[in-house]
Amino acid sequence: MFSRLWQVNWVFVLLVCALAGVGYIALYSAGGGSARAFAQPQLLRFGFGLPMMIGVALISPRLLRLLSVPIYLGAIALLVLVLKMGHVGKGAERWINLGGFQFQPSEFAKIALVLALATWFQRVSRRKLGNPLQLLIPAALTLLPVVLILKEPNLGTAVIVGVIGASLIFAAGMRWWQIILLVAPIPFMGHFVYDHLHDYQKARIDTFLHPEHDPLGAGYNILQSKIALGSGGMWGEGYLHGSQGQLNFLPEKQTDFIFTMIGEEWGYAGGLTVIILLSLVTLAGMLMSLRCRSRFGRLLALGISMDFFLYCAVNLSMVMGAIPVGGVPLPLISYGGSAMLTMMFGFGLLLSTWVHRDDPDTPRNSQGSGYS
């Protein structure tokens, strides 16, 4: 096992550490120049997550496939548990208390779904996927956590889970005509979905369209975010000198709107640097996916990379006012234990596909030879 340690993609590990470093610097500022509030706890979590990530990277794909079913079932059980005895925060039940640690099962459910779908498609050939009945099980595997997460309610994460599942189904060999059949009803479901949203979710959509109608209420967050980003200019107002952030006009500056604080203090140059770093992590994950010989490894790496990309895209779009505010953190930068540790576990799975990239699917799936 230790011989595999040298095969870890250490460039990727350095990129992850760089992201965590950006998070520490930003959270130190969010704490008003003190590490105790946000930066220090986040650093301790990363200190635990880093060796966990390396340890997971050494696990063989065969063992991961064996563990995929119990991991998925465990994630579903946690999602059910959070509905029964979850901790209520900001109008939603999304957390459960595990030994004094607030854990958000929906974060873990994304990784569990990727593992389950990668394992399923490793056993099914592309030729068989031409039969729509073969898509019933992966569709059910995807819809079950989506429905449970919607009931919390957590619309943002539910959408991300659904997109991850759809992406893996497409990458596994879904036919174009099947995609058209699935996508065609979506434009006609908009009014139905809107009517069944919670009041606060409807308010977020209305605020997104017209934030100026309630500048001190529902539209406050996004308007302050735009003001802070705009005030940063090219080079920013200076570290620890952002007016909106340091004077506490910027809401949730340590979580959802951490990128806004970076843009205010470091300007366009700092924001662009963070976006480039996030893009490099995503690109590295995609490239590792392409290098895997096994179908399981390719889909697993793709799913983890897609999860990271979607969280980055949604958070950045949200704070810039391009989409409604949805409570989605910026991976490894925003403050939060569940999101960070789950992402580190996912990165460990991603690194495992790289460490074992030359290992074919075992047993060799002759029916899957058409996948390339």
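Take any residue in the sequence shown, note its place counting from 1, add 15, and you have its number in the numbering used here. Using N, Cα and C, we set each Cβ at its ideal position, and we do this for glycine too.
C-alpha of Leu98 to C-alpha of Ala284: approximately 43 Å in a straight line.
Annotation: Ser258 to Tyr43 spans about 16 Å, alpha carbon to alpha carbon.
For Val23 and His371, the gap between their C-alpha atoms comes out near 9 Å. Residues Glu252, Ser258, Gln259 and Glu279 of the same chain have their beta carbon placed closer than 7 Å to that of Ser246, with the five preceding and five following residues left out of the count.
Of the residues assessed, Arg80 falls on the buried side of the cut-off, its CB having 16 or more other CB atoms within 10 angstroms. Rounded to whole angstroms, the gap between the alpha carbons of Ala41 and Met276 is 7 Å. As far as DSSP is concerned, Phe123 takes part in no beta bridge.
Of the residues Val31, Ala33, Ser49 and Cys32, the one whose Cα lies closest to the Cα of Tyr254 is Ser49. For Thr275, the enclosing alpha helix (DSSP H) stretches over residues Ile273 to Arg306. Collapsing the DSSP output to three states places Gln149 in a helix.
Here Val28 is actually not in contact with Ser367; their C-beta atoms are around 13 Å apart, not less than 8 Å. Taking C-alpha positions only, Glu167 is separated from Met301 by approximately 31 Å. Taking the Cα of Trp25 as reference, the smallest distance to any Cα among Tyr350, Phe324 and Met303 is reached at Met303. If you draw a straight line from the Cα of Ile152 to the Cα of Gly180, it comes to about 12 Å. Straight-line measurement puts the Cα of Phe123 at about 23 Å from the Cα of Leu295. Met189 and Leu150 have their C-alpha atoms some 8 Å from each other.
Proximity to Ala218 across Val176, Val340 and Leu144 peaks at Val340, based on C-alpha coordinates. Using a Cβ distance threshold of 8 Å, Val129 and Gly352 do not count as a contacting pair. In the three-state DSSP reduction, Asn263 falls in the coil class, being neither helix nor strand.
The way I'd put it, the region 169–183 does touch the region 153–161; three or more beta-carbon pairs between them come closer than 8 Å. Ranking Gly312, Gln193, Val343 and Phe324 by CA distance to the CA of Pro375 puts Gly312 first.
Closest by C-alpha distance to Ile237, out of Phe118, Gly342 and Arg306, is Gly342.
Judged by DSSP secondary structure, Val37 falls within the alpha helix (DSSP H) whose first and last residues are Trp25 to Ala45. Straight-line measurement puts the Cα of Ile164 at about 11 Å from the Cα of Gly177.
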